[in-house]
Ligand SMILES: [Zn+2]
Ligand SMILES: [Zn+2]
């Protein structure tokens, strides 16, 4: 989590005694808020200016003892410590509601920038998990509008938090084969391989009904042919080994090997011929 401590963002000291009021029990969960005013995105090095401005508005305008929120999340995913984990917030509407849940503000407006960024959703998720683990807080999630008459936190954030505040997923690479049948893929390969593939396919040039499947069948035939050839050569070599020790002359051995290979070639021819498509 990209946590920005109060000293790091230049928070003013909170007023005593109310600013130091602790929570009296474990929080039920986390409520989200938005600014409820116009907001435009800004460079991150000016985000802390805005957080200080919110604090000034709450302390000088509303007369509160500190910024009202527990945490504030900017569009760049940084989490600014407001009242933090242990001091009761003053943003949820009344003391009972403040006591019940943490208050996390997403710096998003009711006009201008109205949808949180992915970095901001990740930051808000970080803040929620931080509250749960260190607060501690329960798993309840909602918005300012839950149990209080307000449009806060706006529809986009409210829909997100009620969906369980999921982390945004990384954009998926589009699968180029999505939705294609095997037939589509054969055809696509054939269309792009017209120069490279055809000469290896039997009867490609004379058979106008030649299909890409013929090429695959041809490959199958070649594999079977190789199997036959290897078996024949293996047998010939085996025979050679037996005869080396028995005084048979070289010509006899060579003739035996040539005959075995010739037999294999005949088998290959037959195999291809019998499996050719008409
Ligand atoms: Zn609110
Ligand atoms: Zn920022």
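In the numbering used here, the protein residues as written are 317 to 594.
Here a beta-carbon is modelled for each residue, glycine too, at the ideal position from N, C-alpha and C.
Pairwise C-alpha distance: residue j and residue i
i           : j           : result
residue 414 : residue 374 : 15 Å
residue 344 : residue 419 : 11 Å
residue 380 : residue 492 : 57 Å
residue 447 : residue 455 : 10 Å
residue 459 : residue 320 : 23 Å
residue 501 : residue 486 : 28 Å
residue 391 : residue 402 : 25 Å
residue 367 : residue 349 : 14 Å
residue 317 : residue 449 : 13 Å
Simplified DSSP state of residue i, which is helix, strand or coil
i           : result
residue 396 : strand
residue 351 : coil
residue 482 : coil
residue 540 : helix
residue 456 : strand
residue 550 : helix
residue 317 : coil
residue 512 : Note that residue 512 scores a pLDDT of 44, beneath 50, so its modelled location is shaky and nothing firm can be said.
residue 492 : coil
residue 467 : coil
residue 424 : coil
residue 608 : The shown model of the chain, from 317 to 594, leaves out residue 608, and the question about it has no answer.
C-beta atoms of residue i and residue j nearer than 7 Å
i           : j           : result
residue 351 : residue 425 : yes
residue 570 : residue 552 : no
residue 396 : residue 325 : yes
residue 442 : residue 347 : no
residue 356 : residue 470 : no
residue 432 : residue 422 : yes
With 16 other Cβ atoms within 10 Å as the buried cut-off, status of residue i
i           : result
residue 452 : exposed
residue 360 : exposed
residue 323 : exposed
residue 499 : exposed
residue 406 : buried
residue 408 : buried
Other residues of its chain near residue i: CB distance less than 8 Å, five sequence neighbours each side excluded
i           : result
residue 410 : 464
residue 434 : 484
Nonlocal neighbours in the same chain, by C-beta distance under 6 Å from residue i, ignoring five residues either side
i           : result
residue 398 : 383, 385, 386, 387 and 388
residue 364 : 325
Contact set for residue i: own chain, Cβ-Cβ below 7 Å, skip 5 residues either direction
i           : result
residue 548 : 576, 577, 579 and 580
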